[in-house]
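Asks: Sharing a structure with you now.
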């Protein structure tokens, strides 16, 4: 099992944010974490890579206890893509090279530079490698952050709302790149998403959080109209268009859509 979590709990002061989370994720799988704002999705990601320390439970990667790992060891195994990025003044190449930091002792070696060049090419970022990150569009910047995580050569990707503030084209491009990386490299990924349709399109497994607890988890069949209503408080219908699953929200009280 790539990732195994048992009994994970986390509190902010005395407020319980995560309660008794259990999860197993295999190699090559993408897990979508769903839930309303404040459900604990981002906190869950930060507990997995020990940015935050849980108050109980266990987290294991390939059977190894994450809570006992050193920071650089975690960074070699997990690539984290946060909602916000702090290296806007760097050139794209240098920003992606930061992903090699867990492996660099004194200076970047030829292999580190080659990995960055290859990653930039795979992500179609090689043509803007010398541009400052601050000059990029939202979609380009998100791809750079993802490229940095992939340059770490991780076993597990952790992505916190990677499509937020992106237009439809860039949402599909970013999620497509994640899907290709996971399936092509044999990684696994845990992705917090607001868009249920994107989750259904790209994810293999689903974890729906409500009030810090696991409400529903499983494969695509676990994402039912009833589960969505219980978690989000919105009535929906599930359908399919040209082979793609789709969720259509009705108005908030479950009545007919409002015309006009």
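In the working numbering, the protein residues as written are 21 to 280.
Note that the Cβ used here is the ideal one computed from N, Cα and C, for glycine as well.
Going straight from the alpha carbon of residue 135 to that of residue 202, what length do you get?
Replies: Distance between the alpha carbons of residue 135 and residue 202 is about 17 Å.
Asks: I'd like the list of long-range same chain contacts for residue 185, defined as Cβ closer than 6 Å, with 5 residues on each side in sequence excluded.
Replies: Same-chain partners within the cutoff: 158.
Asks: Provide the residue(s) that pair with residue 29 in DSSP beta bridges, ordered along the chain.
Replies: The partner list for residue 29 (beta bridge, DSSP) reads 76.
Asks: Residue 97: buried (16+ other C-beta within 10 angstroms of its C-beta) or exposed?
Replies: By the neighbour-count rule (16 or more Cβ atoms within 10 Å), residue 97 is buried.
Asks: Taking 8 Å as the cut-off, does the region 31–44 touch the region 56–68 (at least 3 CB pairs, one atom from each stretch)?
Replies: The region 56–68 is in contact with the region 31–44.
Asks: Would DSSP call residue 209 helix, strand or coil?
Replies: Looking at residue 209 - three-state DSSP - the assignment turns out to be strand.
Asks: Would you list the residues sitting across from residue 228 in a DSSP beta bridge?
Replies: Bridge partners of residue 228: 54 and 236.
Asks: On the premise that residue 192 lies in contact with residue 53, defined as a C-beta separation below 8 Å, what is that separation, rounded to the nearest angstrom?
Replies: In fact, because the Cβ distance is near 20 Å, the residues do not count as touching under 8 Å.
Asks: Just checking my contact of residue 210 with residue 166 at CB under 8 Å: how many whole Å lie between their CB atoms?
Replies: Between residue 166 and residue 210 the Cβ distance is about 14 Å, and since that is not below 8 Å, they are no contact.
Asks: For a test of the three-state rule: what should DSSP assign to residue 257, helix, strand or coil?
Replies: The answer is strand: DSSP assigns residue 257 an E or B state.
Asks: Quick one: is residue 181 buried, meaning 16 or more other Cβ sit within 10 Å of its Cβ, or exposed?
Replies: Answer is buried; the Cβ neighbour count reaches 16.
Asks: Are the beta-carbon atoms belonging to residue 265 and residue 218 less than 8 Å from one another?
Replies: Against a cut-off of 8 Å, the Cβ pair of residue 218 and residue 265 comes out as no contact.
Asks: Quick one: grab the DSSP three-state call for residue 195.
Replies: DSSP places residue 195 in helix when its eight states are reduced to three.
Asks: Taking the C-alpha atoms as reference points, what is the distance between residue 173 and residue 99?
Replies: The straight-line gap from Cα to Cα measures roughly 8 Å.
Asks: Write down the C-beta distance between residue 176 and residue 28 rounded to the nearest angstrom, noting that I regard them as a contact closer than 8 Å.
Replies: Actually they are not in contact, since the Cβ atoms of residue 176 and residue 28 sit about 15 Å apart, beyond 8 Å.
Asks: Identify every residue that forms a DSSP beta bridge with residue 41.
Replies: Residue 41 is bridged to 28.
Asks: Between the beta-carbon of residue 146 and the beta-carbon of residue 140, is there less than 8 Å?
Replies: For residue 146 and residue 140, yes; Cβs fall inside 8 Å.
Asks: Figure out for me which residue from 30, 163, 239 and 161 has the closest Cα to the Cα of residue 232.
Replies: Checked all of 30, 163, 239 and 161; the closest Cα to residue 232 is 30.
Asks: Would you call residue 33 buried or exposed, if buried means 16 or more other Cβ atoms sit within 10 Å of its Cβ?
Replies: The residue in question, residue 33, is exposed, as its Cβ has fewer than 16 Cβ neighbours within 10 Å.
Asks: Look at the alpha carbon of residue 240 and the alpha carbon of residue 206, and state the distance between them as a whole number of angstroms.
Replies: Roughly 21 Å between the two C-alpha positions.
Asks: Residue 259 to residue 223, Cα distance in whole Å?
Replies: The alpha-carbon atoms of residue 259 and residue 223 are separated by roughly 17 Å.
Asks: Over the uninterrupted alpha helix (DSSP H) stretch that includes residue 252, give me the two end residues.
Replies: 245–252 is the extent of the alpha helix (DSSP H) around residue 252.
Asks: Alpha carbon to alpha carbon, how far is residue 118 from residue 153? Give it in angstroms, no decimals.
Replies: Taking the straight line from one Cα to the other gives about 13 Å.
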